[in-house]
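Worksheet: one structure, shown below.
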Amino acid sequence: MNTADVTDAYAKFMIGNYARNPIAMVRGEGSRLWDADGKRYLDLLPGLGVDGLGHCPPRVVAAIKKQADSLLHIHNNYMWEQQCLLGKALVEKLPEMIDAKAFFCNSGTEASEAAIKIARLRGKQKGGKWKLISVENGFHGRTYGALSATGQPGLQKNCEPLLPGFTYVPLNDIAALENALDAETAGFMIEPVQGEGGIFIARAEYLKAARELCNRHGALLKYDEVQCGMGRTGDYFAYQTLKAPAPDVIWLAKALGGGFPIGAMLAKAEVAQYMVPGTHGTTFGGNPLACAAGLAVIETIEQDQLIANVRETAAHLQTLLADLRGRHGGKINEIRQLGLMVGIDLKFSGKPVFARCLEVGLMINVTHDTTLRLLPAMNVTKVELSEGMEIISRVLAEF
Ligand SMILES: *Cc1c(COP(=O)(O)O)cnc(C)c1O
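With the first letter of the sequence shown counted as 1, position 256 gets the number 1407 in the numbering used here; the numbers rise by one all the way through.
Right, here's the structure in full:
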């Protein structure tokens, strides 16, 4: 099918819940992507963070093919080694979390649900703690629990009533968090780096204070690292880059499967013990295919030394961003960066900038109208980053 045929079929048969660009993609390799008309793109937002190793990472593709030949799926009343090996691999990346244990699901929002539920399962046994606090402008997913925790009224609108017991506090405001916590608080959940919200970074002192406040009230400190985790900040987890305290619960998805759907929630043993048979589960979660993909992702990060590559390319990107600021200071409000997570906050709507970039073959996106967001693959090259930033600079010059 060519692009026109695909566009036509979408209009007829697909629900219009996405703001789709009329471009049909057919092939990807690393940070490059090709559409149905043969046009090539530089993708500095591969899979919105899902393709953390770029498109079609070879080890992940090979692992999926190999696993598909022996066992695709078996339900969670049995065992398979790929699942516990992936659990082990993730736990080993969390040395600061005592005796962490893993639960697998299929997406970020499901991992958020598990993190919400485990806090209530534990809270019930701890004298009726059931309330959850999260951060304004945060994002935790689209299902009802996760949506209730998502402090963005625009996303919740017309979906009410939401789950009871959720309140929101402004990011990095210690006093507000202190006021919000009480004896009924089951947990405080936060993205160490807000992704969908436009790359806003939690301060280490704030997370340290949150750790102490949660301890004081017997509430859980919980990090949603669905977007910022799995290496893109220059450590496996963003809280490690920030030198922030370890949480009691942490969850992942997006880049974990290298393009294959999988989510994970990890909880300290003290918390994990409350998730007993009958309290939670999923049919597909952590099946052999998904876990084989996850294992291949970690193997790729290790063998290709991608954590080191993130640190190096992120430093290069920082220089390029300073340069962009120097050239277009009058048009840029603020640039926020942690590793390979970047928000370029413009003084005007970023939508036409995004559209023009796409036209000339650069894929990024725009959140909250004014923020251009980049989430380059962990194996992006300095040359690719330079090329992308040059395009952004040229496009900005037109405005
Ligand atoms: C994307 C995202 C989610 C939701 O993940 P889905 O796989 O789309 O359900 C949750 N939390 C954060 C921080 C995210 O970036």
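All C-beta atoms in this analysis are idealised placements derived from N, C-alpha and C, irrespective of residue type, glycine included.
What residue does the alpha helix (DSSP H) around residue i start on, and which one ends it?
i       : result
Gly1181 : Per DSSP, Gly1181 belongs to no alpha helix (DSSP H) and is neither H nor E.
Asp1156 : Thr1154 to Phe1164
Tyr1390 : Ala1389 to Thr1392
Phe1505 : Lys1502 to Glu1510
Tyr1229 : Segment: none, Tyr1229 is in no alpha helix (DSSP H) and carries neither H nor E.
Pro1439 : Pro1439 to Gln1454
Lys1359 : Ala1355 to His1368
Thr1470 : Leu1457 to His1479
Ile1515 : Taken as a continuous stretch (DSSP letters only), Ile1515 belongs to no alpha helix (DSSP H), as it is neither H nor E.
Tyr1295 : Tyr1295 to Ala1300
Asn1330 : Ile1325 to Ala1331
Pro1197 : Per DSSP, Pro1197 belongs to no alpha helix (DSSP H) and is neither H nor E.
Leu1306 : Pro1304 to Gln1307
Ala1420 : Ala1420 to Ala1423
Express the C-alpha separation of residue j and residue i in angstroms, rounding to a whole number.
i       : j       : result
Leu1328 : Tyr1319 : 9 Å
Ala1337 : Tyr1425 : 13 Å
Leu1556 : Val1177 : Here the chain covers residues 1152 to 1550 and nothing more, so residue 1556 does not appear.
Ile1215 : Leu1417 : 24 Å
Val1546 : His1479 : 11 Å
Gln1391 : Val1286 : 20 Å
Val1517 : Cys1365 : 34 Å
Gln1233 : Lys1252 : 15 Å
Lys1190 : Gly1179 : 12 Å
Ala1389 : Arg1462 : 13 Å
Arg1383 : Thr1451 : 14 Å
Pro1551 : Pro1412 : Lying before the first or after the last residue shown, residue 1551 is absent from the chain, which here runs from 1152 to 1550.
Leu1471 : Ile1495 : 12 Å
Asn1551 : Pro1315 : There is simply no residue 1551 to check, as the chain begins at 1152 and stops at 1550 in what is shown.
Lys1419 : Glu1376 : 16 Å
Lys1118 : Leu1403 : Because the chain spans 1152 through 1550 in this model, residue 1118 falls outside it and cannot be assessed.
Ser1221 : Val1211 : 16 Å
Gln1378 : Thr1294 : 17 Å
Gly1490 : Ala1466 : 8 Å
If I'm right that residue i touches residue j with Cβ under 8 Å, what's the distance once you round it to whole angstroms?
i       : j       : result
Met1248 : Val1344 : In fact, because the Cβ distance is near 19 Å, the residues do not count as touching under 8 Å.
Glu1264 : Gly1238 : Between Gly1238 and Glu1264 the Cβ distance is about 19 Å, and since that is not below 8 Å, they are no contact.
Ala1353 : Leu1322 : 6 Å
Phe1317 : Leu1283 : 5 Å
Phe1550 : Lys1482 : 7 Å
Val1504 : Ile1542 : Contact flag wrong, Cβ pair sits at about 11 Å.
Lys1268 : Gly1274 : With 8 Å as the limit, Lys1268 and Gly1274 do not qualify as a contact, their Cβ atoms being about 10 Å apart.
Measure the Cβ-Cβ separation of residue i and residue j and say whether it is below 8 Å.
i       : j       : result
Ala1528 : Asp1202 : yes
Gln1469 : Gln1488 : yes
Met1514 : Leu1193 : yes
Lys1373 : Ala1266 : yes
Gln1303 : Asn1288 : yes
Gly1278 : Ala1406 : no
Lys1533 : Thr1464 : yes
Ile1458 : Gly1385 : yes
Gly1348 : Phe1290 : yes
Leu1446 : Leu1223 : no
Val1422 : Leu1204 : no
Ala1370 : Phe1339 : yes
Gly1305 : Gly1259 : no
Who pairs with residue i in a beta bridge, going by DSSP?
i       : result
Ile1542 : Its beta-bridge partners do not exist; DSSP assigns none.
His1206 : Gly1181
Asp1496 : Glu1485 and Thr1522
Ile1284 : Thr1318 and Phe1339
Cys1256 : Gly1414
Arg1191 : Trp1185
Asp1375 : Trp1402
Phe1351 : Gln1345
Gly1409 : Phe1411
Met1176 : Asp1186
Can you name the start and end residues of the beta strand (DSSP E) that residue i belongs to?
i       : result
Val1400 : Val1400 to Leu1403
Does residue i have its Cβ less than 8 Å from a Cβ in chain C?
i       : result
Arg1367 : The question asks about chain C, but that chain is absent: this structure has only one protein chain.
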